[in-house]
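Undergrad:
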Amino acid sequence: MKPTVGFAGMTHLGLVSAAAVAGQGLKVVCFDSDQALVDRLARQQWPVLEPGLDELIRSNGARQHFTAATGDLAACDVIYVAPDVPTDDQGRSDVTDLTALIHDAVAAMNREAVMVVLSQVPPGYTRTLGVLPPERLYYQVETLVFGQAVERAMKPERTIVGCADPARPLDPRLRAVLAAFGCPILPMRYESAELAKISINCCLVASIAVANTLAELCERIGADWSEIAPALKLDRRIGPHAYLAPGLGIAGGNLERDLATVQRFADSRGTEAGIVAAWLRNSRYRRDWPLRQLQERVRGADPVIGVLGVTYKENTHSTKNSPAVALIKALTGYRLASFDPVVRASTEWHPRLTVADDPLAACDSADAVAIMTPWPLFRTLEPADLARRMRGRVVIDPFAMLDRAAAAAAGLEHVVLGAPLPGDQQ
Amino acid sequence: MTLSHAHGDPVKPARVVVLGAGGFLGRRMLTACAAAGAEAAGLGSRDLDLTDPEAGAQLARLLRPRDVLVFLAALTPDKGRDSATLMRNLAMGRAVCEATRTVELAQLIYASSDAVYSFATALINEETPAIPTDLYGAMHRTRELMLAAEAKAPLAVLRLTAVYGADDTHNSYGPNRFARQALKDGRIALFGNGEETRDHLYVDDAVDLILKTIMRGSIGVLNLVTGRSESFRAVADLVAAQSGRNVEVVPSARQHPATHRHFDVTNLIRAFPGMCFKPLADGLAATVGAIRG
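Heads up: the sequence lines are chains F and Z, in that order.
Using this note's numbering, the first residue of the first sequence is number 104, and each one after it goes up by one.
Using this note's numbering, the first residue of the second sequence is number 111, and each one after it goes up by one.
#1: If I follow the unbroken alpha helix (DSSP H) through residue 318 of chain Z, where does it start and stop?
#2: Using a Cβ-Cβ cut-off of 8 Å, state whether residue 450 of chain F counts as contacting chain Z.
#3: Rounded to a whole number of angstroms, what is the C-alpha to C-alpha distance between residue 232 of chain Z and residue 371 of chain Z?
#4: May I have the straight-line CA-CA distance separating residue 242 of chain F from residue 120 of chain F, to the nearest angstrom?
#5: On the criterion of 16 or more Cβ atoms from any shown chain inside 10 Å, does residue 324 of chain F qualify as buried, or is it exposed?
#6: Under a Cβ-count criterion, where at least 16 other Cβ atoms within 10 Å of its own Cβ denotes burial, should residue 408 of chain F be classed as buried or exposed?
#7: Helix, strand or coil: how does DSSP classify residue 449 of chain F here?
#8: Taking only runs that begin and end inside the segment 336 to 381 of chain F, name each unbroken alpha helix (DSSP H) of 4 or more residues, in chain order.
#9: Among the candidates Z/209, Z/207, Z/155, whose CA atom is the shortest distance from the CA of residue 185 of chain Z?
#10: Looking at chain F, is there any beta carbon in it that lies within less than 8 Å of the beta carbon of residue 241 of chain Z?
#11: Please state the DSSP three-state secondary structure of residue 220 of chain Z.
#12: Which first and last residues belong to the alpha helix (DSSP H) in which residue 153 of chain F is found?
#13: Less than 8 Å between the CB atoms is what I'm expecting for residue 262 of chain F and residue 255 of chain F, so what's the real figure, rounded?
#14: In chain order, what residues of the segment 367 to 383 of chain Z put their CB closer than 8 Å to some CB of chain F?
#15: So who's on the other strand from residue 309 of chain Z, going by DSSP bridges?
#16: Given this structure, state the Cα-to-Cα distance separating residue 127 of chain Z from residue 458 of chain F, to the nearest angstrom.
#17: Spell out a yes or no on whether the segment 246 to 259 of chain Z and the segment 287 to 298 of chain Z are touching, meaning 3 or more CB-CB pairs, one atom from each, closer than 8 Å.
#18: For residue 529 of chain F, which residues of its own chain have a beta-carbon under 7 Å away from its beta-carbon, when the five flanking residues on both sides are left out?
#19: If you count every other CB in all the chains shown that lies within 10 Å of the CB of residue 342 of chain Z, and 16 or more means buried, which is it?
#20: Which residue or residues does DSSP assign as beta-bridge partners of residue 303 of chain F?
#21: Closest to residue 434 of chain F by C-alpha separation, out of Z/241, Z/383, Z/400, would be which residue?
#22: Does residue 261 of chain F get closer than 8 Å to chain Z when you measure Cβ to Cβ?
#23: How would you write the range of the beta strand (DSSP E) that residue 266 of chain F sits in, first residue to last?
#24: State the DSSP-derived secondary structure class of residue 318 of chain F, mapped to helix, strand or coil.
#25: Are residue 95 of chain F and residue 336 of chain F touching if we call contact CB-CB under 8 Å?
#26: Looking at residue 217 of chain Z and residue 327 of chain Z, is the spacing between their C-beta atoms short of 8 Å?
#27: Nearest-angstrom Cα distance between residue 134 of chain Z and residue 311 of chain Z?
#28: Taking the alpha carbon of residue 137 of chain Z as the reference point, which residue from Z/400, Z/223, Z/278, Z/248 has its own alpha carbon closest?
#29: Tell me, please, whether the CB atom of residue 398 of chain F is closer than 8 Å to any CB atom in chain Z?
#30: Under a three-way DSSP split, which group does residue 279 of chain Z fall into?
#31: Which residues in the same chain have their Cβ closer than 7 Å to the Cβ of residue 376 of chain F, if we skip the five residues on either side of it in sequence?
#32: Report the three-state DSSP secondary structure of residue 269 of chain Z (helix, strand or coil).
#33: Would a C-beta distance cut-off of 8 Å place residue 269 of chain Z and residue 223 of chain Z closer than the cut-off?
#34: Which residue's Cα is closest to the Cα of residue 454 of chain F: F/447, F/438, F/166?
#35: Let me check understanding here. Comparing Cα to Cα, which of Z/377, Z/334, Z/319 lies closest to residue 308 of chain Z?
#36: Between residue 304 of chain Z and residue 286 of chain Z, what straight-line distance do the alpha-carbon atoms span, to the nearest angstrom?
Have a look at this one:
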């Protein structure tokens, strides 16, 4: 008999993960104590933007049930606790609400059920919880990637499960849930699993830092990172899915949280983690690349800047640590017009900001345009159209959303990460 | 801590008092204050010997409450690189600290130097550890710490890179010396082939940034740099081209490994958006023209 699975906490992680489990044919109870949120979910109004989420939940139908009654968790064999864990400006997690939710779920669950903490927690958290017998408490590494969450939840590369004692077999009901995804299952100690998630993110940040460091060098010596990166991906030691696209540093909050955790633990345990500080410094430096380019290239009185995109990446509603927002806040001496397909820029970020209804309208009479988020929509922009609408010629396009040859043909001063800088003599 | 502003919009100071008013930068500061309509007073070493044990009390008598004090005075390396010079410079710093404990200033601006940084970091910003490698750098860093610990005034520390321009009385290696050599001798002598890269700040830009710091009531630390470094060879070639005569740029056998210095200018852009620096070629043309007369 298939186990019934409960999920407590219906924010980004819980909602997507529950939908993925239901998508494997299992019955899922989705609990959140926020009745208003549950009502919206029941009306199929999702609090997050994720490609494929709407279709997945609709296809799950009655298998995925939303409730604000904790008592409904009593019917579950396996209960995931999965609220998003907030972080502060220093990347520190606040697990207060998570811990409270775990206690609520323990009080509601039946005496035979097992609990899985899915929210990301600092190493050592799960073992010290002390809320259940060790054999009924697990920690599972979440692999949420904003904008790709559904795809990754449905087709995980592997599942990492933290256990009190990895020598003991997994609870058969949890194993049945995990087996539905058809990927390798890696049981390990709680602490190893908790650190595994952080380790994955550190490897990603290392790749990003390498790409950004060398992309900047490309800009200065006439090389082009877009020519180099494919060669690296064909190297077996690096791989085709390596994070080698240059960007504007790390953002979104999750990677920053893991780096802060490593720094904090290294500091308290006396281990060497200077490289993490270097990654963070590189990230902050690259975040401000558009600001430096604009300062270098835009002259004249009271310039107007068009800013396309404000979310920290495409296909998400999140602006956490967004380079676009950082740029908008820094451009205090300029007039701004912005456009984003999902999020409306706030005048709290900048007093002289107007919001346009379409991307070209944000470019009207602009002295320069910065394409700050790689929304697919921006790839459809014709450089000649921008050139017609703009007053100046500078287009800061970190992610090369515009066709580079067409931009040159339109007479634009097209500035791309990792490509030789226009007009640079160095 | 990078620079933060007390005033959202520029506010004219009650009065600006410049210590080191007889120097290259000090003279320009007074001129710029006058042009901006700000009352200013200059004190040079002839007016007040800041190394005197009584200098603190004397300076306090010359100051008024709500003055902005711009501390430019220093014995530069051409006046001595030894510990005696260091101690005299520190005595000046102590005098300023003492004065600020008597008179309530609106702001204290300290003109420090990029010599507080070592050459170990490829790209320097305000968060780069200040680890000086010579007594001149140690002097500036020590003064920074003295002022931060003992001066009773809102403090802005401005770390200036090499400033150049007409009327620079120093003759250290760089644009001004090159200009004089080019015009006088028709040749510019380089160390090695002038491979070292440095940031060069035109004096008017330096003064403009100090004025902006005053007008915004800023506190914190900021590097006054352009963010673009050029080799001494490139500077020499530009000076030669601007000189209007046939100038030979002469390399020499390199005695020491070449060092480079580059700055991340992001914090300056954030502090003063829209700041436009005079291009090096234009600044050198103005400098050569002024020296030529």
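Where a beta carbon is used, it is the ideal one built from N, C-alpha and C, also for glycine.
TA: On the basis of the data shown:
#1: Working through the second sequence from its first residue, we reach residue 318 of chain Z at position 208. Where residue 318 of chain Z is concerned, the enclosing alpha helix (DSSP H) stretches over 313 to 325.
#2: Locating residue 450 of chain F in the first sequence gives position 347, where the first residue counts as 1. So no, residue 450 of chain F is outside the interface.
#3: In the second sequence, counting from the first residue as 1, residue 232 of chain Z sits at position 122. In the second sequence, counting from the first residue as 1, residue 371 of chain Z sits at position 261. Taking the straight line from one Cα to the other gives about 7 Å.
#4: Counting from one through the first sequence, the residue named residue 242 of chain F turns up at place 139. Counting from one through the first sequence, the residue named residue 120 of chain F turns up at place 17. If I take the Cα positions, the gap works out to 14 Å.
#5: Looking up residue 324 of chain F in the first sequence gives position 221. Counting Cβ neighbours within 10 Å, residue 324 of chain F comes out exposed, since fewer than 16 surround it.
#6: Residue 408 of chain F sits at position 305 when you count from the first residue of the first sequence. Taking all protein chains in view, the Cβ of residue 408 of chain F is crowded by 16 or more other Cβ atoms within 10 Å, so the residue is classified as buried.
#7: Walking along the first sequence from the start, residue 449 of chain F turns up at place 346. In the structure shown, residue 449 of chain F sits in coil (DSSP, three-state: anything other than H, G, I, E or B).
#8: 357 to 372
#9: One-based indexing of the second sequence puts residue 185 of chain Z at position 75. Among Z/209, Z/207, Z/155, the Cα nearest to that of residue 185 of chain Z is on Z/155.
#10: Taking the first residue of the second sequence as 1, we reach residue 241 of chain Z at position 131. No, residue 241 of chain Z lies away from the interface with chain F (no Cβ there is under 8 Å from its Cβ).
#11: Here residue 220 of chain Z corresponds to residue number 110 of the second sequence, with the count starting at 1. It is a strand residue.
#12: Position 50 of the first sequence holds residue 153 of chain F. In this chain, residue 153 of chain F is not harboured by any alpha helix (DSSP H), its DSSP state being neither H nor E.
#13: Counting from one through the first sequence, the residue named residue 262 of chain F turns up at place 159. Counting from one through the first sequence, the residue named residue 255 of chain F turns up at place 152. In fact, because the Cβ distance is near 12 Å, the residues do not count as touching under 8 Å.
#14: 374, 375, 376, 379, 380, 383
#15: Here residue 309 of chain Z refers to the residue found at position 199 of the second sequence. Z/339.
#16: Along the second sequence, one-based indexing puts residue 127 of chain Z at 17. Along the first sequence, one-based indexing puts residue 458 of chain F at 355. Answer to the nearest angstrom: the Cα atoms are 46 Å apart.
#17: no
#18: Within the first sequence, the letter at position 426 stands for residue 529 of chain F. Note that residue 529 of chain F scores a pLDDT of 44, beneath 50, so its modelled location is shaky; the value from the coordinates is reported in the next line. Answer for residue 529 of chain F: 323, listed in chain order.
#19: Locating residue 342 of chain Z in the second sequence gives position 232, where the first residue counts as 1. The residue in question, residue 342 of chain Z, is buried, as its Cβ has 16 or more Cβ neighbours within 10 Å.
#20: Position 200 of the first sequence, counted from the start, is the residue given in the question as residue 303 of chain F. The partner list for residue 303 of chain F (beta bridge, DSSP) is empty, contrary to what the question assumes.
#21: The count along the first sequence starts at 1 and reaches residue 434 of chain F at position 331. Checked all of Z/241, Z/383, Z/400; the closest Cα to residue 434 of chain F is Z/383.
#22: Within the first sequence, numbered from 1, the residue matching residue 261 of chain F stands at position 158. For residue 261 of chain F, the answer is no, since every Cβ of chain Z falls outside 8 Å of its Cβ.
#23: Here residue 266 of chain F refers to the residue found at position 163 when the first sequence is read from its first residue. Start and end: 262 to 266.
#24: Locating residue 318 of chain F in the first sequence gives position 215, where the first residue counts as 1. DSSP places residue 318 of chain F in helix when its eight states are reduced to three.
#25: The structure shown does not extend to residue 95 of chain F, since chain F is modelled only from 104 to 529, so the question has no answer here.
#26: Here residue 327 of chain Z refers to the residue found at position 217 when the second sequence is read from its first residue. Here residue 217 of chain Z refers to the residue found at position 107 when the second sequence is read from its first residue. Yes.
#27: As a position in the second sequence, residue 134 of chain Z is number 24, starting the count at 1. As a position in the second sequence, residue 311 of chain Z is number 201, starting the count at 1. Straight-line spacing of the CA atoms in residue 134 of chain Z and residue 311 of chain Z works out to 13 Å.
#28: Position 27 of the second sequence, counted from the first residue, corresponds to residue 137 of chain Z. The candidate whose alpha carbon is nearest that of residue 137 of chain Z is Z/278.
#29: To locate residue 398 of chain F, count along the first sequence from 1; it is residue 295. Taking Cβ atoms only, chain Z reaches closer than 8 Å to residue 398 of chain F, which makes this a yes.
#30: The residue given as residue 279 of chain Z occupies position 169 in the second sequence. Here residue 279 of chain Z sits in coil by DSSP.
#31: Here residue 376 of chain F corresponds to residue number 273 of the first sequence, with the count starting at 1. Excluding sequence neighbours, residue 376 of chain F sits near 365, 366, 369.
#32: Here residue 269 of chain Z refers to the residue found at position 159 when the second sequence is read from its first residue. Correct three-state label for residue 269 of chain Z: strand.
#33: Within the second sequence, residue 269 of chain Z is the residue found at index 159, counting from 1. Within the second sequence, residue 223 of chain Z is the residue found at index 113, counting from 1. Yes, they are a contact pair.
#34: For this step, residue 454 of chain F is matched to residue 351 along the first sequence. Across the set F/447, F/438, F/166, the C-alpha of F/438 shows the shortest separation from the C-alpha of residue 454 of chain F.
#35: The sequence position of residue 308 of chain Z within the second sequence is 198, counting from 1. Among Z/377, Z/334, Z/319, the Cα nearest to that of residue 308 of chain Z is on Z/334.
#36: Along the second sequence, one-based indexing puts residue 304 of chain Z at 194. Along the second sequence, one-based indexing puts residue 286 of chain Z at 176. In a straight line, the C-alpha of residue 304 of chain Z is about 15 Å away from that of residue 286 of chain Z.
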